[in-house]
Amino acid sequence: MSEWKTLLVELEEHEPSFALVREAQNRASWRASTSTPPRWRGRLKLGMGIAFGAAVLAGVLLVLALAAHSRTSLTPAHSGHVKRPPVAAVRLAVGNGPIAVFGNMGGIRQMTRSGEPGPYTVRCSTCDSVVGADWSGDGNVLAYSESCAIGGCGLTVPSDGISVFDSTTGTNRLVVHGEHLGPLSVSADGRWIVYADTHLIRVAPTDGSRTPRTIVTSPLDVVTTPTWSPDGRWIAYVQGTRVYTSSADGRNRAPLAAGYAAAWSPDGRWIAYLGHGLRLVAPDGTGDHMLSGPGLERSLESDMGQTRLAWSPDGTQLALIMGSEVVIVSPRTGAVLRRLTLAPDAFWYPSGLAWRPRGSAR
Amino acid sequence: MITGAPDEMTELFTTCGGQLWRSLLAASAGRRDVADDITAEAFSQYLQHRDTVRDPLAYMFRVAYRLLAKELAREKRQVPQLPDRTRATDTRSVLSSPLTEALRGLSLEQRFAVVLHYFLDYPVSEVARVTGSSVPAVKVRLHRARKQLREALPEMEVRGV
Chain A
29 MSEWKTLLVE LEEHEPSFAL VREAQNRASW RASTSTPPRW RGRLKLGMGI AFGAAVLAGV
89 LLVLALAAHS RTSLTPAHSG HVKRPPVAAV RLAVGNGPIA VFGNMGGIRQ MTRSGEPGPY
149 TVRCSTCDSV VGADWSGDGN VLAYSESCAI GGCGLTVPSD GISVFDSTTG TNRLVVHGEH
209 LGPLSVSADG RWIVYADTHL IRVAPTDGSR TPRTIVTSPL DVVTTPTWSP DGRWIAYVQG
269 TRVYTSSADG RNRAPLAAGY AAAWSPDGRW IAYLGHGLRL VAPDGTGDHM LSGPGLERSL
329 ESDMGQTRLA WSPDGTQLAL IMGSEVVIVS PRTGAVLRRL TLAPDAFWYP SGLAWRPRGS
389 AR
Chain B
1475 MITGAPDEMT ELFTTCGGQL WRSLLAASAG RRDVADDITA EAFSQYLQHR DTVRDPLAYM
1535 FRVAYRLLAK ELAREKRQVP QLPDRTRATD TRSVLSSPLT EALRGLSLEQ RFAVVLHYFL
1595 DYPVSEVARV TGSSVPAVKV RLHRARKQLR EALPEMEVRG V
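As you go down the protein sequences, you meet chains A and B in turn. So the mapping is simple: our numbering equals the position in the first sequence, first residue as 1, plus 28. So the mapping is simple: our numbering equals the position in the second sequence, first residue as 1, plus 1474.
The following block contains the structure:
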């Protein structure tokens, strides 16, 4: 029976982490806080069972009817068991405002067309680094996450969180307290922020009226670059090395592609991501293709997984920030339209960019 | 907030956590991420229902078995859409390559039968109860699993571990 001993000896070499106890407690607490009172549970289960049965029957009949009617096979993206976001076609009536970069430059700073540092949109008060920022669809609300790294020798003293800058009143307000909060996205209507919190994706209102709600938990992989769909019903995000979509409440989670740095186009047609190059894929998983215009390969040569993406508010351009360079790409042809090199004398290490909408809201 | 007494949870994890986690590691063919996720989920479900649970380990095993079957079925469905999934799965295994391949050659039912019977010393009748199967079916699974593992791991027999 040496094969069993082989298995046992090798299994004994591995140990589970005690952090799993904490994770189990968190999950149990989350369920307890959202559970339905027991006396309604029986009725609810019965009702849901009947509704589920009826829905399944209706779905089967519908699929049969459609298949018989169209006599065409379903595409793989639509025949899966997971619900995927639809490919929207949002009409945009908005122009492109200034591009701002953020990182270690003590705030969010606009760039001039030549790449020179322009005025600060937001200047951090105590922290030195902005790790995520995004504008609402009307260009009035800017949310940004600050991260402090005070001290040396690896000692960090975080005192950070997410703040919202209202450009109509010129006021700043801290709406989420938290440490090491990551990239974020503001919904087109400016009401919600979805942000990465290491192993969690959370949603918070921009007015700070409610506590953030966790919609995705990833105990092992780090999650990052969450991005809203234009209708605010779906999000895309990166978990580990894979792009996922899910509905805004965290349900209907589905892998979309292998890659990182996801960004949902403002017109809802595409999700841009990086995976062996700059790629576009429709939110329902169809049409995955790589952009390969003149000059783009050279731009991606030095990519070390640090590239961030941002769509222009009118959806006609895609901006990548790589090292000290901002590259503007046409999502239609893949051609590099513009290349802005940040001022070389500035000790800037930009971690992302925010492209402000200009003009009327969508 | 559901936390359970810290000592109780720590003790339970010390006594049951390792067995459950290693069983899942073997049943998932070395997938530490799957073992972590499902162990945490099984413990959390136990925490929620611990007032009505008589045997925590058996309860968590039933929960884990159901979750693992669902998870692996979900991954299997997604394979056609994700061509590199198989490769990614292989690289995630923390076990040695021969053992991972040998375990991947077994069905989930076979893996669970092996784990419960040979790793946790469950009698065949108990394996049948936990996996919702019959005693003859479990015996057949164990027999076939043994044969497949013996064929897949000849060099490890030579090693005489």
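C-beta: ideal position from N, C-alpha, C; glycine also.
### Query
Given a threshold of 16 other Cβ atoms within 10 Å of its Cβ, counted over all protein chains shown, does residue 147/A qualify as buried or as exposed?
exposed
### Task
Assess, as a yes-or-no matter, whether the segment 1492 to 1512 of chain B is touched by the segment 1534 to 1551 of chain B under the definition of 3 or more beta carbon pairs within less than 8 Å.
Short answer: they touch.
### Query
Taking the continuous alpha helix (DSSP H) assigned at residue 1513/B, which residues delimit it?
Counting along the chain, residue 1513/B sits inside the alpha helix (DSSP H) bounded by residues 1506 to 1523.
### Query
In the structure shown, what three-state DSSP assignment does residue 53/A receive?
helix
### Query
Just how far apart, CA to CA, sit residue 309/A and residue 1588/B?
In a straight line, the C-alpha of residue 309/A is about 43 Å away from that of residue 1588/B.
### Query
Given a limit of 8 Å on CB to CB distance, which residues of the segment 1594 to 1609 of chain B reach chain A?
Listed by position along the chain: nothing, the set is empty.
### Query
Going straight from the alpha carbon of residue 317/A to that of residue 307/A, what length do you get?
6 Å
### Message
Rounded to whole angstroms, what is the Cα-Cα separation between residue 1621/B and residue 1579/B?
### Response
11 Å
### Query
Would you say residue 1575/B touches the ligand HEM, meaning its beta carbon is less than 7 Å from a heavy atom?
As far as ligands go, the structure on display features none, and thus does not contain the ligand HEM.
#### Entry: Minimum Cβ-Cβ distance from residue 46/A to chain B less than 8 Å
Answer yes: the Cβ-Cβ gap between residue 46/A and chain B drops below 8 Å somewhere.
### Message
Taking only three categories from DSSP, how would you classify residue 1593/B?
### Response
Residue 1593/B: helix per DSSP, three-state reduction.
### Task
Could you name the residues of the same chain whose beta carbon sits closer than 6 Å to that of residue 358/A, not counting the 5 residues immediately before and after it, in chain order?
Take residue 358/A, set aside five residues on each side of it, and the residues of its chain with a beta-carbon closer than 6 Å to its own are 365, in chain order.
### Message
Can you tell me where the alpha helix (DSSP H) holding residue 1584/B begins and where it ends?
### Response
1582 to 1588
### Query
Secondary structure at residue 353/A, three-state DSSP: helix, strand or coil?
strand
### Query
Which residues share a DSSP beta bridge with residue 383/A?
Note: residue 383/A sits in a beta bridge opposite 127/A.
#### Entry: 7 Å CB neighbourhood of residue 322/A in its chain, flanking five on each side removed
Leaving aside the five residues that flank residue 322/A on each side, the residues in its chain whose CB is nearer than 7 Å to its CB run, in chain order, 363, 364.
### Query
Are the segment 133 to 152 of chain A and the segment 1479 to 1494 of chain B touching by the rule of at least three beta carbon pairs closer than 8 Å?
no
#### Entry: Backbone secondary structure at residue 41/A - three-state DSSP
coil
### Span of the beta strand (DSSP E) around residue 1498/B
Careful: residue 1498/B lies outside any beta strand (DSSP E), inside the alpha helix (DSSP H) at 1492 to 1501.
### Query
Going by C-alpha distance, which of 89/A, 342/A, 370/A, 259/A is nearest residue 215/A?
The candidate whose alpha carbon is nearest that of residue 215/A is 259/A.
### Query
Which residues in chain B sit within 7 Å of residue 36/A, going by Cβ to Cβ distance?
Here the neighbours are 1593.
### Query
Where do the N-terminal and C-terminal ends of the beta strand (DSSP E) with residue 302/A fall, by residue?
In the DSSP annotation of this structure, the continuous segment of the beta strand (DSSP E) that includes residue 302/A starts and ends at 299 to 302.
### Message
Are the CB atoms of residue 1604/B and residue 1535/B within a distance shorter than 8 Å?
### Response
yes
### residue 253/A vs residue 224/A beta-carbon contact at 8 Å
Yes, these two residues count as a Cβ contact at 8 Å.
#### Entry: Residue range of the beta strand (DSSP E) that includes residue 174/A
169 to 175
### Task
Name, in chain order, the residues that DSSP records as bridge partners for residue 263/A.
Note: residue 263/A sits in a beta bridge opposite 256/A, 274/A.
#### Entry: Pairwise C-alpha distance: residue 325/A and residue 303/A
13 Å
### Message
Using C-beta distances below 6 Å, list every residue in its chain close to residue 200/A, excluding the 5 sequence neighbours before and after it, in chain order.
### Response
Cβ within range, chain order: 191, 193.
### Query
residue 1623/B: buried (16+ other C-beta within 10 angstroms of its C-beta) or exposed?
buried
### Task
Taking residue 1568/B as the query, report the chain A residues whose CB atoms sit under 8 Å from its CB, ordered along the chain.
Chain A residues near residue 1568/B: 42.
### Query
What are the boundary residues of the beta strand (DSSP E) that includes residue 1623/B?
Annotation: residue 1623/B is outside any beta strand (DSSP E); the continuous alpha helix (DSSP H) that includes it extends over 1609 to 1626.
### Task
Please confirm if residue 207/A has its CB atom under 8 Å from at least one CB of chain B.
no
### Task
State the Cα-Cα distance for the pair residue 292/A and residue 37/A, rounded to the nearest angstrom.
48 Å
### Query
How many angstroms separate the CA atom of residue 152/A from the CA atom of residue 251/A?
25 Å
### Message
On the DSSP letters alone, give me the boundaries of the beta strand (DSSP E) that residue 213/A sits inside.
### Response
212 to 214
### CA-to-CA distance, residue 1511/B to residue 336/A, given in whole angstroms
Residue 1511/B has its alpha-carbon roughly 29 Å from the corresponding atom of residue 336/A.
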